[in-house]
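Before any comments, here is the structure.
2 protein chains.
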Amino acid sequence: MFEIDRSSKMLLVDQIRSAIITRIESLQWVQGGRLPSVRALSKQLGVSIFTVTSAYEDLVAQHIIESRPGAGYFVLPVKQAGALKELDSLIPPSSLHAGFLYRALDPSQYDLPISSGYLPPAWLADAVPPSVTGRLIRNTLSCSVPAPAAGSQALRSVIARKLRELHINASSSQIVVTSGATHAFSLIRKVMLKPGDYLLVEDPSYLLLQLKLIKDRDFNIITVPRLNDGPDLEAMEAMVLKYRPKLFLTQTLIHNPTGGSTSPANGYKILSLADKYDFHIVEDDIFGSLSSQQTLRLASLDGFNRTFYISGFSKVLSPALRLGYAAVPPAFVERLVEQKMYNLLCGSAIDETIVTYTLESGRYQHHLDALSLRVMQERAKAREWLGKAGVIFDGHSADGIFLWGRLAEQMDIRRLIEQAHDARIFLAPGSLFSNSRHYDQHIRFNVTHCNDAEFRRFIHAHVAVDSAPRIAAHSA
Amino acid sequence: MFEIDRSSKMLLVDQIRSAIITRIESLQWVQGGRLPSVRALSKQLGVSIFTVTSAYEDLVAQHIIESRPGAGYFVLPVKQAGALKELDSLIPPSSLHAGFLYRALDPSQYDLPISSGYLPPAWLADAVPPSVTGRLIRNTLSCSVPAPAAGSQALRSVIARKLRELHINASSSQIVVTSGATHAFSLIRKVMLKPGDYLLVEDPSYLLLQLKLIKDRDFNIITVPRLNDGPDLEAMEAMVLKYRPKLFLTQTLIHNPTGGSTSPANGYKILSLADKYDFHIVEDDIFGSLSSQQTLRLASLDGFNRTFYISGFSKVLSPALRLGYAAVPPAFVERLVEQKMYNLLCGSAIDETIVTYTLESGRYQHHLDALSLRVMQERAKAREWLGKAGVIFDGHSADGIFLWGRLAEQMDIRRLIEQAHDARIFLAPGSLFSNSRHYDQHIRFNVTHCNDAEFRRFIHAHVAVDSAPRIAAHSA
Chain A
139 MFEIDRSSKM LLVDQIRSAI ITRIESLQWV QGGRLPSVRA LSKQLGVSIF
189 TVTSAYEDLV AQHIIESRPG AGYFVLPVKQ AGALKELDSL IPPSSLHAGF
239 LYRALDPSQY DLPISSGYLP PAWLADAVPP SVTGRLIRNT LSCSVPAPAA
289 GSQALRSVIA RKLRELHINA SSSQIVVTSG ATHAFSLIRK VMLKPGDYLL
339 VEDPSYLLLQ LKLIKDRDFN IITVPRLNDG PDLEAMEAMV LKYRPKLFLT
389 QTLIHNPTGG STSPANGYKI LSLADKYDFH IVEDDIFGSL SSQQTLRLAS
439 LDGFNRTFYI SGFSKVLSPA LRLGYAAVPP AFVERLVEQK MYNLLCGSAI
489 DETIVTYTLE SGRYQHHLDA LSLRVMQERA KAREWLGKAG VIFDGHSADG
539 IFLWGRLAEQ MDIRRLIEQA HDARIFLAPG SLFSNSRHYD QHIRFNVTHC
589 NDAEFRRFIH AHVAVDSAPR IAAHSA
Chain B
139 MFEIDRSSKM LLVDQIRSAI ITRIESLQWV QGGRLPSVRA LSKQLGVSIF
189 TVTSAYEDLV AQHIIESRPG AGYFVLPVKQ AGALKELDSL IPPSSLHAGF
239 LYRALDPSQY DLPISSGYLP PAWLADAVPP SVTGRLIRNT LSCSVPAPAA
289 GSQALRSVIA RKLRELHINA SSSQIVVTSG ATHAFSLIRK VMLKPGDYLL
339 VEDPSYLLLQ LKLIKDRDFN IITVPRLNDG PDLEAMEAMV LKYRPKLFLT
389 QTLIHNPTGG STSPANGYKI LSLADKYDFH IVEDDIFGSL SSQQTLRLAS
439 LDGFNRTFYI SGFSKVLSPA LRLGYAAVPP AFVERLVEQK MYNLLCGSAI
489 DETIVTYTLE SGRYQHHLDA LSLRVMQERA KAREWLGKAG VIFDGHSADG
539 IFLWGRLAEQ MDIRRLIEQA HDARIFLAPG SLFSNSRHYD QHIRFNVTHC
589 NDAEFRRFIH AHVAVDSAPR IAAHSA
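As structure tokens, this is what we get:
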């Protein structure tokens with residue numbers, strides 16, 4: 139239940155009241171639920187009947203709970219209880235992108251987060267060993283010193299070592315620890331882009347969703363189509379010639395949402411274009427560690443001449459952590475750290491300590507190896523049954539946690555997504571990841587959530603039958 | 139020492155080598171230190187003599203350690219060991235503000251962080267009970283779900299309740315959890331200021347230091363003198379009339395660096411000016427909870443009509459956490475959360491869990507009460523001996539962890555700060571906190587670090603004698 143703290147100056151009755159309000163507001167205790175009996179709670183907490191009754195009666199007076207004579211005390215509906223509108227209701231439905239991203243980031247909003255970017259908690263449970271973590275945290279907190287603005291030296295060193303295993307030669311002084319890969323990119327954007335500058339992004343790309351969020355940003359976004367083996371180089375050169383972007387943002391390995399990887403030949407050409415037209419590259423490698431096929435990153439070809447390499451641990455280690463980093467050309471380290479200090483001073487020493495230990499202990503690699511294998515297996519399974527059920531996968535080889543599937547043209551995808559939403563299933567349409575209309579019939583599936591019996595039933599009920607004839611025609 | 143992980147795919151010899159490099163790069167093992175003997179380490183780790191010898195010889199080949207026949211293996215100087223330039227050396231001395239802030243944020247850079255903004259770790263040790271924290275973290279990590287972008291509902295609820303105790307009526311839906319108070323302010327800036335807009339700040343102010351960091355920011359900073367009882371209202375109205383700022387940033391209670399608090403009458407006038415000239419106020423209340431004198435915040439007067447209230451837990455709870463929040467007018471919640479998602483998606487669920495528990499349990503209030511008392515005692519002590527030693531405190535009543543002291547005019551403050559630096563004592567000159575030249579002879583003292591015998595000796599040796607005659611003249 140909850141504890142009371144006798145060393146606190148807060149009155150016992152207030153402590154009890156406050157603990158109950160927290161449980162109700164955080165939805166641990168839901169509307170209509172019966173509270174513990176006065177007698178049971180007073181016994182459990184070792185306080186008088188009078189104290190518990192006073193707390194309950196205060197809550198009744200505040201319309202947070204009600205007393206039903208002979209039956210006990212019950213939680214009132216949250217609205218009536220004076221709790222206020224939740225953020226989700228504050229974000230108007232018109233604000234599609236923010237609302238989508240907000241929900242996508244909060245898995246508790248859905249029973250089946252089919253299009254989520256996160257992995258199931260159970261798949262990550264082995265990564266950070268509980269017994270060790272408790273000890274680490276105790277030490278960190280009792281030291282109570284902040285993390286240096288660039289990140290702790292121990293963490294920067296172990297990240298540099300891990301990168302060398304990927305044939306990326308960054309020194310620890312080139313590593314800037316951030317609050318996740320997204321944060322790394324937002325700091326780089328601030329350092330590299332002046333008002334009016336152009337940022338080149340792939341289409342589709344999960345980053346378009348994030349960039350669409352802010353309408354009043356002071357730089358311009360242009361796109362290049364993402365093909366099977368990387369960006370469309372011809373289109374890219376044309377865009378670069380026309381707009382002279384300062385930055386190109388790309389995911390070399392396991393591109394989100396398509397799951398494709400940039401071929402070495404394509405990667406080499408990207409670097410040549412960067413040299414020829416003098417732009418920098420941000421290589422987002424958030425999922426690369428799960429790649430079972432190709433492993434060449436632009437950062438290892440380029441050696442931090444023009445490449446900012448960003449990655450993080452929230453996806454493959456734990457979303458409860460917010461920790462990522464940028465490995466950058468030496469000339470930009472200082473400005474990036476300045477930006478970080480300007481933005482939030484420094485990161486969480488607690489998160490840094492946990493990740494440092496995990497990387498140092500060798501557990502991380504072990505965890506990744508098992509995870510990659512599991513993703514590959516679930517991926518094959520999901521692709522097979524989704525394909526049979528009528529989802530079309532355009533024939534490129536892909537990797538990682540995402541399947542980028544297309545529904546037959548006669549399918550009403552908006553309706554499907556609404557039906558899914560009503561069934562507490564989270565599906566993200568392709569239009570969120572694209573500025574073109576080419577992906578309106580696409581869905582991003584996360585294979586680690588897909589192979590669920592309930593979702594199979596949903597897809598078979600809402601996709602398979604209607605679209606079967608069309609699929610047959612298509613594959614003929 | 140360190141552990142090896144037999145389930146890892148990493149070779150034992152590599153694990154040993156890697157663990158040693160980490161210890162050397164993180165300065166746990168320092169130059170000249172003797173490594174454990176091959177025999178001792180092999181026994182301790184349960185690996186063969188051959189494995190340890192291989193690891194050591196690899197490190198010798200890499201010039202990270204050296205072998206002295208008959209004596210053992212020793213850590214080479216880090217430079218020689220191929221470790222790379224540290225960030226601190228990457229920041230040129232000319233870049234005073236960034237370098238200062240970087241060092242100020244990393245207490246390990248000095249033995250005596252006299253001008254630091256942080257409290258001694260030992261003073262915070264009781265706040266977050268180690269036994270409980272370990273359990274909390276284990277649960278959070280094993281759940282492995284990200285924090286919602288606005289912060290967890292439980293944390294937002296308990297913050298709203300804490301604010302009501304301060305007579306600040308914010309609902310939980312008005313609370314946006316951030317990665318510290320600085321982060322809260324940076325998000326508010328992005329939401330509220332367009333390019334060319336004016337931000338009004340007090341002079342002196344710690345925020346000037348932070349704002350000076352970024353030369354290419356796209357808004358303008360103007361200042362108003364901070365007097366004993368708050369901003370100089372006449373000067374403020376003149377500045378407001380002339381520049382029409384969109385935001386006014388202020389610290390009502392325990393202003394940093396002066397330690398003064400805004401009087402209720404002054405606070406009321408600030409709000410009247412905001413109404414008259416249509417600007418918003420950011421009230422930074424990072425130290426307010428330590429106030430022993432006055433407790434009226436603008437947010438409680440204003441009721442979130444024009445006030446953005448920001449605070450955090452890194453200072454008074456633990457700098458190892460990065461956790462703060464903004465309580466804002468309802469109309470701005472959505473845009474603030476959007477900015478947060480754009481900046482870093484969401485915060486650390488681990489940090490949020492720890493703070494939620496601490497606030498809920500009543501420990502927080504207990505901790506704050508003890509802390510305030512201790513700060514008050516140390517403050518009186520520090521003010522007394524520093525005053526006798528020749529530091530001048532202009533006669534306003536002040537509160538909190540900072541003393542804003544002035545040295546007699548003939549003192550060469552630059553030299554004093556350099557002497558302090560050489561003695562590994564961190565002193566921050568007034569010029570860092572001001573755009574005027576009025577505070578060139580000031581130093582910000584943190585009373586929680588001041589009453590140290592070594593620092594007394596330093597001050598007596600370098601300040602007292604020279605300035606004594608001058609002080610006498612001054613007080614005459």
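Chains as they are written, first to last, in my numbering: chain A, 139 to 614; chain B, 139 to 614.
Using N, Cα and C, we set each Cβ at its ideal position, and we do this for glycine too.
| task | For A/M148, return the contacting residues in chain B, with the cut-off set at a CB-CB distance below 7 Å. | result | For the purposes of this step, residue 148 of chain A is identified with residue 10 of the first sequence, where counting begins at 1. Ordered by position in chain B, the residues that pass the 7 Å Cβ test against A/M148 are G500, Q503.
| query | Among B/H418, B/G450, B/D422, B/P467, which residue has its Cα nearest to the Cα of B/G441? | reply | Numbered from 1 along the second sequence, position 303 holds the residue referred to as residue 441 of chain B. For the residues B/H418, B/G450, B/D422, B/P467, the minimum Cα distance to B/G441 belongs to B/P467.
- Three-state secondary structure (DSSP) at A/F470? Here residue 470 of chain A is taken as the residue at index 332 of the first sequence, counted from 1. A/F470: helix per DSSP, three-state reduction.
Exercise. Helix, strand or coil for A/V630 per DSSP?
Worked result: Lying before the first or after the last residue shown, residue 630 of chain A is absent from chain A, which here runs from 139 to 614.
Report task. Report the three-state DSSP secondary structure of B/D491 (helix, strand or coil). Result -> Locating residue 491 of chain B in the second sequence gives position 353, where the first residue counts as 1. A small fix is needed here, since residue 491 of chain B is Thr in this sequence, not Asp. Residue state, collapsed to three classes: helix.
Cα-Cα separation between A/T160 and B/S295, rounded to whole angstroms
If you number the first sequence from 1, residue 160 of chain A lands on position 22. If you number the second sequence from 1, residue 295 of chain B lands on position 157. About 6 Å.
| said: Output needed for A/E224: all residues of its chain with C-beta closer than 8 Å, excluding positions within five of it in sequence on either side, in chain order. | reply: Position 86 of the first sequence, counted from the first residue, corresponds to residue 224 of chain A. Residue confidence is low: A/E224 scores 36 on pLDDT, short of 50, so the model does not pin down where it sits. No coordinate-derived value is stated.
| field | Sheet register partners of B/F212 (DSSP bridge) | value | Here residue 212 of chain B refers to the residue found at position 74 of the second sequence. According to DSSP, which records beta bridges pairwise, B/F212 is partnered with B/R172, B/E204.
Closer than 8 Å, CB to CB, is A/V283 near chain B or not?
Stepping through the first sequence from its first residue, residue 283 of chain A is reached at position 145. By this cut-off, A/V283 is an interface position.
query = Taking C-alpha atoms, which residue in A/G208, A/C588, A/R444, A/T491 lies nearest to A/M514?
reply = Translated into positions along the first sequence, residue 514 of chain A becomes position 376. The shortest C-alpha separation from A/M514 is found at A/C588.
Any beta carbon of chain A sitting closer than 8 Å to that of B/S343?
Taking the second sequence and counting its residues from 1, one reaches residue 343 of chain B at position 205. Chain A, which has no Cβ nearer than 8 Å to the Cβ of B/S343, makes this no.
- Query: Looking at the unbroken beta strand (DSSP E) that takes in A/L434, where does it start and where does it end?
  - Reply: The residue labelled residue 434 of chain A in the question sits at position 296 within the first sequence. Unbroken run through A/L434: none, as it is neither H nor E.
Item to complete: With a 10 Å radius around its C-beta and 16 neighbouring C-beta atoms as the bar for buried, classify A/A221 as buried or exposed.
Response: One-based indexing of the first sequence puts residue 221 of chain A at position 83. With a pLDDT of only 28 at A/A221, under 50, the local geometry of the prediction cannot be trusted, and the value read off the model is given with reservation. Buried is the call here.
Where does A/K380 land, buried or exposed, given buried means 16+ other C-beta within 10 angstroms? The count along the first sequence starts at 1 and reaches residue 380 of chain A at position 242. Classification of A/K380: exposed, given that the 10 Å Cβ count is below 16.
Chain-order list of residues whose beta-carbon lies under 7 Å from that of B/V190 (same chain, five-residue window excluded): Taking the first residue of the second sequence as 1, we reach residue 190 of chain B at position 52. Cβ within range, chain order: I154, V176, L179, S180.
Quick one: using the 10 Å Cβ neighbour count with 16 as the cut-off for buried, is B/I187 buried or exposed?
As a working note, residue 187 of chain B is residue 49 in the second sequence. Exposed, since its Cβ has fewer than 16 Cβ neighbours within 10 Å.
Tell me the rounded alpha-carbon separation between B/P230 and B/A508. Here residue 230 of chain B is taken as the residue at index 92 of the second sequence, counted from 1. Here residue 508 of chain B is taken as the residue at index 370 of the second sequence, counted from 1. At B/P230 the pLDDT is 37, less than 50, meaning the model places this residue with poor confidence; the figure from the coordinates comes in the next sentence. Approximately 41 Å between the Cα atoms of the pair.
Counting only beta-carbon atoms, is B/I488 nearer than 8 Å to chain A?
-> On the second sequence, position 350 is the one that residue 488 of chain B refers to. Closer than 8 Å to some Cβ of chain A, the Cβ of B/I488 qualifies, so yes.
Please classify A/K223: does DSSP put it in a helix, a strand, or coil? By one-based count along the first sequence, residue 223 of chain A stands at place 85. Per-residue confidence for A/K223 stands at a pLDDT of 32, beneath the threshold of 50, marking its modelled position as unreliable; no derived number is given.
message: Check this for me: beta carbons of A/F540 and A/R473, under 8 Å apart or not?
response: On the first sequence, residue 540 of chain A is found 402 positions in, with the first residue counted as 1. On the first sequence, residue 473 of chain A is found 335 positions in, with the first residue counted as 1. Contact: no.
_Taking the alpha-carbon of A/A437 as reference, which of A/T496, A/P174, A/L183, A/S449 has the nearest alpha-carbon?_
Here the question's residue 437 of chain A lines up with position 299 in the first sequence. Comparing Cα positions, the closest option is A/S449.
Chain A contact residues for B/G485, given Cβ-Cβ distances below 8 Å: Translated into the one-based positions of the second sequence, residue 485 of chain B becomes position 347. Per Cβ cutoff of 8 Å: S317, R460.
Requested in this report: Using a threshold of 8 Å, state whether the C-beta atoms of A/S401 and A/L391 are closer than that.
Outcome: Taking the first sequence and counting its residues from 1, the one referred to as residue 401 of chain A is at position 263. Taking the first sequence and counting its residues from 1, the one referred to as residue 391 of chain A is at position 253. Not a contact, by the Cβ cut-off of 8 Å.
Three-state class that DSSP yields for B/W542 in the structure shown:
Reading the second sequence from its first residue, position 404 is the one you call residue 542 of chain B. Of the three classes helix, strand and coil, the one that applies to B/W542 here is strand, per DSSP.
Distance check for A/E516 and A/K300, CA to CA, integer angstroms please. Looking up residue 300 of chain A in the first sequence gives position 162. Looking up residue 516 of chain A in the first sequence gives position 378. Each residue's alpha carbon lies about 27 Å from the other.
Practice prompt. Determine, using beta carbons only, whether A/N642 comes closer than 8 Å to chain B.
Written response: Nothing can be reported for residue 642 of chain A: it is not among the residues displayed for chain A, which extend from 139 to 614.
* Can you grab the Cα-Cα spacing for the pair A/S410 / A/G525, in whole Å? => Translated into positions along the first sequence, residue 410 of chain A becomes position 272. Translated into positions along the first sequence, residue 525 of chain A becomes position 387. Approximately 38 Å between the Cα atoms of the pair.
Task: Helix, strand or coil at B/I229 according to DSSP, with G and I counted as helix - done: Numbered from 1 along the second sequence, position 91 holds the residue referred to as residue 229 of chain B. Any reading at B/I229 must be qualified, since the residue scores a pLDDT of 36, below 50, and its modelled position is unreliable; the value itself is stated next. B/I229: coil per DSSP, three-state reduction.
query = Is the Cβ-Cβ distance between B/S145 and A/S456 less than 8 Å?
reply = Residue numbering aside, residue 145 of chain B sits at position 7 when the second sequence is read from its first letter. Residue numbering aside, residue 456 of chain A sits at position 318 when the first sequence is read from its first letter. Contact: no.
For this session: Please confirm if B/E516 has its CB atom under 8 Å from at least one CB of chain A.
Result: As a working note, residue 516 of chain B is residue 378 in the second sequence. Closer than 8 Å: no.
### Query
In three-state terms, what does DSSP make of B/A464?
Here residue 464 of chain B refers to the residue found at position 326 of the second sequence. If DSSP states are grouped into helix, strand and coil, B/A464 belongs with the strands.
Assuming A/D489 contacts A/R460 under a Cβ cut-off of 8 Å, what Cβ separation, rounded to an integer in Å, is found between them?
-> By 1-based counting over the first sequence, the position of residue 489 of chain A is 351. By 1-based counting over the first sequence, the position of residue 460 of chain A is 322. A/D489 to A/R460, Cβ: 6 Å. Contact.
Inset, instruction - Within the same chain, show all residues whose beta-carbon is closer than 7 Å to that of B/A602, passing over the 5 residues directly before and after it, in chain order. - result: Against the second sequence, residue 602 of chain B aligns to sequence position 464. Contacts found: A527, G528.
Take A/L620 and list the residues in its own chain whose beta-carbon comes closer than 8 Å to its own, dropping the five residues that flank it on each side. Within the shown structure, residues of chain A are numbered from 139 to 614, placing residue 620 of chain A beyond reach of any answer.
In the DSSP assignment, find the beta strand (DSSP E) that holds A/G450 and state where it starts and stops. To locate residue 450 of chain A, count along the first sequence from 1; it is residue 312. Run containing A/G450: 445–450, per the beta strand (DSSP E) assignment.
What's the call for B/S535, buried or exposed, on a 16-neighbour Cβ count within 10 Å? As a first step, residue 535 of chain B is located in the second sequence; it is residue number 397 there, counting from the start. The residue in question, B/S535, is exposed, as its Cβ has fewer than 16 Cβ neighbours within 10 Å.
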